[in-house]
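Note that numbering that gives the first Met the number 0 has the sequence shown beginning at 0, numbered continuously upward. We treat Cβ as the ideally placed atom computed from N, Cα and C, and that holds for glycine.
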Amino acid sequence: MRAAVYSRFGGPENVRVEQLPRPPVRPDDVLVRVCASTVSAADHRARSREVPRGLGLLAAAGIGAFRPKRRVLGMDLAGVVEAVGAGVTRFRPGDEVVAMPGAEFGGHAEFARVRQDGAIALKPRTMTFEDAVALVFGGLTARGFLDQVDLAPGARVLVNGASGAVGTAAVQLATHAGAHVTGVCSGGNRDLVTSLGADRVIDHTTDDFAAGPARYDVIVDCVGNAPFERVGHLLDPGGALLLVIADLPGILRAPWRSRTTGKRVIATVGKPTAEDLAFLVDLAEAGSYRAVRDRTYDLADIAEAHRYVDTGRKRGNVVVRIAAGGPARSTPAQGSPAASPNTDS
Ligand SMILES: NC(=O)c1ccc[n+]([C@@H]2O[C@H](COP(=O)([O-])OP(=O)(O)OC[C@H]3O[C@@H](n4cnc5c(N)ncnc54)[C@H](OP(=O)(O)O)[C@@H]3O)[C@@H](O)[C@H]2O)c1
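Following this line, the structure appears as C-alpha cells:
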C-alpha cells in the first residue's frame, strides 16, 4: 500500500510516500481502506518533536527518542471497512466509517487498522469522506475537554484559538449546548467563527482578551498562551480553565489550582470513545455541526500539507485525500484541486 512515512524527526521534507505492507489484521481489528485523513497539530508535533516546555521526555516515550516509533502519521481517518478480525461484531466490510487511531497513528496510508472497541463509528451519511474526517480530531478533543464541565444554557464560554481544528469544534459544541460563546482569533477568521455560532469575536492581533472586563464560566485555551496566571482572574468562582495545550508546569499545577482557588483547571483528557464519535456524527447528520475544512491535498503532496500546517494558521482542518474519489458508493467529494485552498469553511 502507499503510505506517507517519516524516519527522522524534523521538517516536512522528511515525509515521503513509500510502499509498505498492509497492517496485519488482529482478531479485534477493523481494517479500513482510508479515503481521507487530516494533517493535524499532533502530526506536526510528532514529526517535528516540537512540544511544550517540559514535555520532551514524555514525548520521547510516546513518539520516540531518536527515531520515530511509528513511521506513518495520521491520527484520524474516514474510509471503508476492507476486512475485520475474527472477533469483530460491530462492523463489516463495506461499512463507511470515521475513526481516530489517535496515538497509534497510521491514517496517512491506504489502509489503517482500528480496534473495534476504539473510537470508530459509522460516517455521517450526509457527508463526503473528506468532510467527515474533519469532524474527528478537533471534535473529539473539544468534546473530551468540554464534557468535563457542566455547560448549562447561557454559560459564558471563551474559546482562545477559535479558528483551529479544536477551536472550531469547541465553538460549535458550546453553541450547541446553549452557551454564550466568545471566540478569539485573527480578524480574517472573524466571519468563520461567527458562522459557527460565536456571539462575539475578539481579534487577538488588536485586542488582548485577558485585559477586558468580561468574565467567563469556562475558558478553553487551544493556543497555549492562556495559563491560569494570565486568565484566572477572568473566571467567576466555580469557573473552569480547560488547557487543551499546556506545558509541564501548567499540567502539574492544575490539580493544586483546582483545590486552592475555587476555580477548576483541567489539563488532561481521557481517551476518545466510539460514543463520543457517534455523538459528533449524529450532530453532523442533524445539521448542528459543520466540517471546517481548509485546504485539501493529495497523498502525493503530503509534505506540502505539513508545510502549510507548520504555519500555525490553518483554519479548521487540512485534509489529505488518500483513495481518489473514494469507493463507488460514496457521495462525490466536493473538493478543490490538490494542494489548493478549499474554501469549504
Ligand atoms: N491535549 C490534547 O489531547 C490535544 C489534542 C489536540 C490538540 N492539542 C493541542 O491543541 C492545540 C490546538 O490544536 P488545533 O488542532 O486546534 O491547532 P491548529 O488547528 O493548528 O490551530 C491553528 C489556529 O490557531 C490560531 N491561533 C494561532 N495563534 C493564535 C493566537 N495568539 N490567538 C488566537 N488564535 C491563534 C490560528 O488562528 P488565527 O490565524 O486566526 O490567528 C489558527 O486558526 C495544539 O497545540 C495541539 O497540539 C492537544
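- DSSP, read as helix, strand or coil, puts HIS175 in helix.
- Between the alpha carbons of GLY105 and PRO236 lies a distance of about 43 angstroms.
- Close to ligand 1, as judged by a C-beta nearer than 6 angstroms to any of its heavy atoms, are the residues SER39, ALA40, ALA41, ARG44, GLY137, THR140, ASN159, GLY160, SER162, GLY163, ALA164, VAL165, GLY166, VAL183, CYS184, SER185, ASN188, HIS203, CYS221, VAL222, GLY223, ASN224, VAL243, ILE244, VAL268, GLY311, ARG312, LYS313, ARG314, in chain order.
- Rounded to whole angstroms, ASP27 and GLY86 show a C-alpha spacing of 5 angstroms.
- Contact check between the region 225 to 239 and the region 202 to 217: three or more CB pairs, one atom from each, fall below 8 angstroms, which counts as touching.
- Segment contact: the region 240 to 255 against the region 138 to 156, three or more CB-CB distances shorter than 8 angstroms; contact assigned.
- For VAL291, the three-state secondary structure derived from DSSP is coil.
- For SER36, the enclosing beta strand (DSSP E) starts and ends at 28 to 38.
- Assignment of beta-bridge partners to TYR296 by DSSP yields VAL319.
- Between ALA98 and LEU76 a beta carbon distance of about 5 angstroms is seen, short of the 8 angstroms cut, so the two are scored as contacting.
- Taking 8 angstroms as the cut-off, the beta carbon of LEU279 is found closer than this to the beta carbon of LEU134.
- Excluding sequence positions up to five before and after VAL16, its CB lies within less than 8 angstroms of the CB of ARG1, ALA2, ALA3, VAL4, LEU298, ALA299, ILE301, all in the same chain and listed in chain order.
- Under DSSP, LEU76 forms a beta bridge with ALA98.
- In this structure, the beta-carbon distance from ALA169 to VAL158 falls below 8 angstroms.
- Taking C-alpha positions only, ARG46 is separated from GLY9 by approximately 6 angstroms.
- Nearest neighbour of HIS43 by Cα position, chosen from GLY315, VAL183, ARG314, ALA304, turns out to be ALA304.
- For LYS313, same chain residues with a beta-carbon under 6 angstroms away, outside a window of 5 residues either side, are ASP293 in chain order.
- Take ARG91, set aside five residues on each side of it, and the residues of its chain with a beta-carbon closer than 8 angstroms to its own are VAL80, VAL83, in chain order.
- Straight-line spacing of the CA atoms in LEU145 and VAL308 works out to 25 angstroms.
- For TYR215, DSSP records a beta bridge to LEU234.
- DSSP places ASP275 in the uninterrupted alpha helix (DSSP H) bounded by 273 to 284.
- Ranked by Cα distance from ASN224, the options HIS203, GLY238, GLY211 are led by HIS203.
- For ARG263, the closest C-alpha among the options PRO254, THR88, SER162, ALA118 is that of PRO254.
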